[in-house]
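Asks: Quick note on my numbering: the sequence shown kicks off at 1094 and runs consecutively. No residue lacks a Cβ here, since even glycine has one placed at the ideal position from N, Cα and C. One structure is given below, represented as structure tokens, and several questions about it will come after.
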Amino acid sequence: MKQDFKRKIQAICGKIGVPMQVFISNGPPEFRKPYIGMWTRLEKYKNDLVKVKRDESLYVGDAAGRISSVTKPEKDRSAADRLFALNLKVPFKTPEQFFLDQLEEEPYELRSFDPSAVLENTGVSQFDPADTVIPSSETEAIVLVGYPSSGKSVFANQLEEKYGYGVVCSYWHEASAKCVAKAKEMLKTGKSVIVDGWNPDSRNPYVKLAKQMEIPCRCFVMNTSYEHARHNNAFGILIGTDKERPPMEMDMFRDNFKIPTVKEGFTEVAKVNFVPMFQEPSHREIYEMRLTREFDFYA
1094 MKQDFKRKIQ AICGKIGVPM QVFISNGPPE FRKPYIGMWT RLEKYKNDLV
1144 KVKRDESLYV GDAAGRISSV TKPEKDRSAA DRLFALNLKV PFKTPEQFFL
1194 DQLEEEPYEL RSFDPSAVLE NTGVSQFDPA DTVIPSSETE AIVLVGYPSS
1244 GKSVFANQLE EKYGYGVVCS YWHEASAKCV AKAKEMLKTG KSVIVDGWNP
1294 DSRNPYVKLA KQMEIPCRCF VMNTSYEHAR HNNAFGILIG TDKERPPMEM
1344 DMFRDNFKIP TVKEGFTEVA KVNFVPMFQE PSHREIYEMR LTREFDFYA
């Protein structure tokens, strides 16, 4: 099948009769649209090292995020091609516009998370309310709540490194007896504890433990949306700090999430705003791109 496909591509190239390079990938996210890995490979390793002039380039694709309209009753399944061009900062046209000289711009939607607002809002406080106190003046338990890839582990590690909090990792959506026991052992030594896990609705075991230990228990909710968490996951995969998470994980949190309140027994409930920090300038360049593939939204 692979060889048959190659022969078809070669036949098309021969029929068109102009020099062509074909890049195809069903492999790592680095080479999947809307990320620009395939284009980067063209610029760095192919094209006989002839510099590619992006300002003179044009990208044509049919995954344009078009919604149902008079001219196109059937909506697109994805916007990956349009997002790919947007990430490259090159002009984009649909096949109808390029090959058939269609002048009308068909209506479209880009539902992939736009990180520009996050990057521009540099003055935002880490907490809401802004006067949330960290660290506490007494031994305490903190329960984190948030989507996978919402920044929980980064925040927990910050508290561990700066203030000596003990981190208890609860990876699945329920508080296990093992995690609660580990938290109890740390609290017995006088060490404050932060529970790093999804905790969409299973927070009572930690509240109950805090009451038994006669210490305060606060809840910190990651102020990161479903779409933002997916973007963070795509970014983490590309720079090697996260694993690819199936949509089921994000959906499971969303479907089970119950907004935490002090009525559960927490002494305080606060939000943790996402404040991006980058180890390298190139990481910021990646983060500011549209990274998520939206087949599920357009199908």
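For residue 1304, I'd like the list of residues in its chain whose CB is within less than 8 Å of its CB, leaving aside the five on either flank, ordered along the chain.
Replies: Translated into the one-based positions of the sequence shown, residue 1304 becomes position 211. Closer than 8 Å at the Cβ level, and outside the excluded window around residue 1304, lie 1310 and 1358.
Asks: Does DSSP put residue 1366 in a helix, a strand or coil?
Replies: Here residue 1366 refers to the residue found at position 273 of the sequence shown. Three-state result, residue 1366: strand.
Asks: Is there at least one non-hydrogen atom of the ligand GTP closer than 6 Å to the beta-carbon of residue 1384?
Replies: As presented, the structure is devoid of all ligands, the ligand GTP included, so that no description of it is given.
Asks: Less than 7 Å separating the beta-carbons of residue 1122 and residue 1380?
Replies: Mapped onto the sequence shown, residue 1122 falls at position 29. Mapped onto the sequence shown, residue 1380 falls at position 287. In this structure, residue 1380 does not lie closer than 7 Å to residue 1122 by Cβ.
Asks: Decide if residue 1150 is buried, meaning its Cβ has at least 16 other Cβ atoms within 10 Å, or exposed.
Replies: If you number the sequence shown from 1, residue 1150 lands on position 57. Per the 10 Å Cβ criterion, exposed.
Asks: Mind checking residue 1284: buried by the 16 CB within 10 Å criterion, or exposed?
Replies: Along the sequence shown, one-based indexing puts residue 1284 at 191. Flag for residue 1284 reads exposed.
Asks: Any chance the region 1273 to 1291 sits against the region 1172 to 1192, with 3 or more Cβ pairs inside 8 Å?
Replies: Cβ pair count under 8 Å is below three, so no.
Asks: Quick one, which of 1125, 1155, 1377 and 1130 has its alpha-carbon nearest residue 1396's?
Replies: With the chain represented from 1094 up to 1392, any question about residue 1396 goes unanswered, as that position is not in the structure.
Asks: Can you list the beta strand (DSSP E) stretches of 3 or more residues lying completely in the region 1159 to 1240, in chain order?
Replies: Segments of the beta strand (DSSP E) lying fully in the region 1159 to 1240: 1234 to 1238.
Asks: Residue 1260 bridges to which residues according to DSSP?
Replies: Locating residue 1260 in the sequence shown gives position 167, counting from the first residue. Paired residue(s): 1287.
Asks: Determine the closest residue to residue 1241 out of 1248, 1322, 1275 and 1366, with distance taken between C-alpha atoms.
Replies: The residue labelled residue 1241 in the question sits at position 148 within the sequence shown. That would be 1322, whose Cα lies nearest to the Cα of residue 1241.
Asks: With 16 as the cutoff for other CB atoms within 10 Å, does residue 1331 come out buried or exposed?
Replies: Position 238 of the sequence shown, counted from the start, is the residue given in the question as residue 1331. Buried is the call here.
Asks: Indicate whether residue 1170 and residue 1185 have their beta-carbon atoms separated by less than 7 Å.
Replies: One-based indexing of the sequence shown puts residue 1170 at position 77. One-based indexing of the sequence shown puts residue 1185 at position 92. For residue 1170 and residue 1185, no; Cβs fall outside 7 Å.
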